[in-house]
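Let me begin by presenting the structure, written as structure tokens, before commenting on it.
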Amino acid sequence: AVVSTQSTGKSGRLWSEGIFMAPRPARKTKSVDALKNCDNDAYVVLAVAKLFWLERKNKKAKEWFIKAVKLDPDHGDTWVTYYKFTAAHGTEQELQTLVEKCVQADPKHGELWCRLRKSIEHWRNDGDVELMLKACAKQMPELR
10 AVVSTQSTGK
20 SGRLWSEGIF
30 MAPRPARKTK
40 SVDALKNCDN
50 DAYVVLAVAK
60 LFWLERKNKK
70 AKEWFIKAVK
80 LDPDHGDTWV
90 TYYKFTAAHG
100 TEQELQTLVE
110 KCVQADPKHG
120 ELWCRLRKSI
130 EHWRNDGDVE
140 LMLKACAKQM
150 PELR
């Protein structure tokens, strides 16, 4: 089921879902359409970062992850995805810097972020952002 352009309107969240619902060869075109319709939407920018990551264009992916966390620093799931990417492709220093910036941002939103943050097994980790990032990264589905 492909999300139609009319039904997505200006919803960055729907556009970002539509990008990954599209067949692989059509994702780049879909992401360009999403950026045209929802310029500077954090969900769309995050989706583009993930696309670059999937294509192993790590330098570009990092640039787009940085842009995504700047656009919406309150969205924990964006920080988690960026953390997972940096853990796989960055240095320890980059990872530590990311954690420090996440602590400063103090994210409160995000589907995965909130679900884990409010879960019984993690309620004691509320102040430990690095533990939350690691726990969320483990539960995040792999990119396809």
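Under our numbering, the residue at position 50 of the sequence shown is numbered 59, and the numbers go up by one with no gaps. We treat Cβ as the ideally placed atom computed from N, Cα and C, and that holds for glycine.
Quiz item: Leaving out five residues before and five after W24 in sequence, what residues of the same chain have Cβ atoms less than 6 Å from its Cβ?
Solution: Here residue 24 is taken as the residue at index 15 of the sequence shown, counted from 1. So the list reads T17, A43, C47 and V53, once near-sequence residues are dropped.
Exercise. Locate the alpha helix (DSSP H) running through T100, then write down its first and last residues.
Key: Within the sequence shown, the letter at position 91 stands for residue 100. Run containing T100: none; DSSP gives neither H nor E here.
Practice problem: Kindly give me the distance between the Cβ atoms of V108 and V89, rounded to whole angstroms, as I take these residues to be in contact under 8 Å. | Solution: Locating residue 108 in the sequence shown gives position 99, where the first residue counts as 1. Locating residue 89 in the sequence shown gives position 80, where the first residue counts as 1. At roughly 11 Å, the Cβ-Cβ gap does not stay under 8 Å, so V108 and V89 are not in contact.
Quiz item: Hey, would you say A70 sits closer than 8 Å to W62, going by beta carbons?
Solution: Taking the sequence shown and counting its residues from 1, one reaches residue 70 at position 61. Taking the sequence shown and counting its residues from 1, one reaches residue 62 at position 53. Taking 8 Å as the Cβ cut-off, A70 and W62 qualify as a contacting pair.
Self-check item: Contact check, A51 vs L80, beta carbons under 8 Å
Solution: In the sequence shown, the residue the question calls residue 51 occupies position 42. In the sequence shown, the residue the question calls residue 80 occupies position 71. Yes, these two residues count as a Cβ contact at 8 Å.
Practice problem: Report yes if the CB atom of T87 is closer than 8 Å to the CB atom of A77, and no otherwise. | Solution: The sequence position of residue 87 within the sequence shown is 78, counting from 1. The sequence position of residue 77 within the sequence shown is 68, counting from 1. The answer is yes: Cβ separation under 8 Å.
Self-check item: Among T106, F29, S20 and I129, the one whose alpha carbon lies nearest that of P150
Solution: As a first step, residue 150 is located in the sequence shown; it is residue number 141 there, counting from the start. Among T106, F29, S20 and I129, the Cα nearest to that of P150 belongs to F29.
Self-check item: 4-residue-minimum alpha helix (DSSP H) runs that sit fully inside the stretch 33–109, ordered along the chain
Solution: 36–46, 51–63, 67–80 and 85–98
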